[in-house]
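Read the structure below first, then the notes.
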Amino acid sequence: FFLKLGRKEWTRPSIKGVTPLGRYGHSSVLIGSIMYVFGGCIDDCYLSDLVAFDTKFLDLNEGCWEFIDPINDPPPGRTGHISCAYKGRIYIFGGTDGERCFNDIWYYDIETREWVELICDNFAPVPRESHGAALANDVIYIFGGRTRDGKELSDLAAYGINNERWYMFQKMGPSPGPRYWLTVSSSKNIVMVFGGTSTNSTKPDEDGIIHILDTCNYN
Numbered sequence: 084f085f086l087k088l089g090r091k092e093w094t095r096p097s098i099k100g101v102t103p104l105g106r107y108g109h110s111s112v113l114i115g116s117i118m119y120v121f122g123g124c125i126d127d128c129y130l131s132d133l134v135a136f137d138t139k140f141l142d143l144n145e146g147c148w149e150f151i152d153p154i155n156d157p158p159p160g161r162t163g164h165i166s167c168a169y170k171g172r173i174y175i176f177g178g179t180d181g182e183r184c185f186n187d188i189w190y191y192d193i194e195t196r197e198w199v200e201l202i203c204d205n206f207a208p209v210p211r212e213s214h215g216a217a218l219a220n221d222v223i224y225i226f227g228g229r230t231r232d233g234k235e236l237s238d239l240a241a242y243g244i245n246n247e248r249w250y251m252f253q254k255m256g257p258s259p260g261p262r263y264w265l266t267v268s269s270s271k272n273i274v275m276v277f278g279g280t281s282t283n284s285t286k287p288d289e290d291g292i293i294h295i296l297d298t299c300n301y302n
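Residue numbers (our numbering): 84 to 302.
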């Protein structure tokens, strides 16, 4: 489905050819007019496929999915991860395969069709799934999620793409409580956290609140 914002109308376009398997816990990014979808889960099968759909054909009813064939092995199959797009690359972090949670970070280069795992010299955030993330400038901000043993997280981490380093933030004053299945969005230098769920929230009055982080204060 796609939403025409001007008309506030949902539409289900006509799709030609083969479509991807239905799934949940996948991620998607938009590069130019092309939407890329990675991973997800179906019937306890954790996927590592990458598929693409060119949105410029939506109104022409000529849309079709492209099944990407990388030149090397993709990351392990997973669900509950995040993805962000930056300069022709799709970055993914975290997720779970049902047995373990990940804290690895990879990118896929749409020009070379190659997957690359990034190894950081300093440290990496706790392995997690069902977290949220957004890109502000050249930094991926990651918030929340939960660990393999069900611990709900409220930490904020950032990955600097250009210097390939992780950063953690502490003593930031009032901040969102632990949560997973949340959304994180960005606009220029602003990162916004909204929603999510928690089984032991210490801040029950947070429902419906948008938490805003001005990243200029932490560069």
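Even glycine gets a Cβ: it sits at the ideal position worked out from N, Cα and C.
### Query
Do Leu-239 and Tyr-224 have their CB atoms nearer than 8 Å?
In terms of Cβ geometry, Leu-239 and Tyr-224 form a close pair [threshold 8 Å].
#### Entry: Minimum C-alpha distance to Trp-148 - residue among Thr-162, Phe-277, Asp-132 and Tyr-169
Here the closest residue by C-alpha is Asp-132.
### Query
Looking at the structure shown, is Leu-86 part of a helix, part of a strand, or coil, going by DSSP?
Reduced to three states, the DSSP call for Leu-86 is strand.
### Burial state of Ser-281, where buried means 16 or more other Cβ atoms lie within 10 Å
It counts as buried.
#### Entry: Distance, Trp-189 Cα to Ser-110 Cα
Answer to the nearest angstrom: the Cα atoms are 13 Å apart.
### Query
Taking Cβ to Cβ, would you say Leu-236 is nearer than 8 Å to Arg-229?
Their beta carbons are under 8 Å apart, which means Leu-236 touches Arg-229 by this criterion.
### Task
Just grab the DSSP bridge partners of Arg-229 for me.
According to DSSP, Arg-229 shares a beta bridge with Glu-212 and Glu-235.
### Query
Residues bridged to Val-222 by DSSP?
Ala-219 and Gly-243.
### Alpha carbon of Phe-185 to alpha carbon of Val-267, nearest angstrom
So the two alpha carbons sit approximately 19 Å from each other.
### Task
Tell me the start and end of each unbroken alpha helix (DSSP H) in the segment 123 to 189 that is at least 4 residues and wholly inside, in chain order.
Runs of the alpha helix (DSSP H) inside the segment 123 to 189: none found.
#### Entry: Reference Cys-203; option with closest CA among Ser-97, Gly-146 and Asn-245
When only C-alpha atoms are compared, the closest one is Asn-245.
### Message
Can you find the residues in the same chain that come closer than 7 Å, C-beta to C-beta, to Cys-299, ignoring five residues on each side of it along the sequence?
### Response
Answer for Cys-299: Asn-272, listed in chain order.
### Message
Can you tell me where the beta strand (DSSP E) holding Arg-262 begins and where it ends?
### Response
Counting along the chain, Arg-262 falls outside any beta strand (DSSP E), and DSSP gives it neither H nor E.
#### Entry: For Val-222 and Phe-136, the rounded distance between their alpha carbons
Computed Cα separation, rounded: 26 Å.
### Query
What first and last residue would you give for the beta strand (DSSP E) that runs through Phe-277?
If you look at Phe-277, you'll find it in the beta strand (DSSP E) that goes 273 to 277.
### Query
What is the rounded straight-line gap between the Cα of Arg-95 and the Cα of Asn-283?
Their backbone Cα atoms lie some 38 Å apart in a straight line.
### Message
Just to confirm my understanding: we take Gly-279, look at its own chain, exclude 5 residues before and 5 after, and list those with CB closer than 7 Å. What are they?
### Response
Contacts found: Gly-227, Arg-262, Tyr-263, Trp-264 and Leu-265.
### Query
Who are the Cβ neighbours of Leu-104 in its own chain at under 7 Å, not counting the five residues just before and after it?
Hits under 7 Å: Ile-125.
### Query
Do you know whose CA, among Gly-177, Leu-130, Gly-146 and Gly-122, lies nearest Gly-100's CA?
Nearest of Gly-177, Leu-130, Gly-146 and Gly-122 to Gly-100, Cα basis: Gly-146.
### Task
Return yes when the Cβ of Arg-161 is within less than 8 Å of the Cβ of Thr-138, no when it is not.
No, the Cβ-Cβ distance between Thr-138 and Arg-161 is not below 8 Å.
### Query
What residues are listed by DSSP as bridge partners for Leu-104?
Within the DSSP bridge table, the entry for Leu-104 names no partner.
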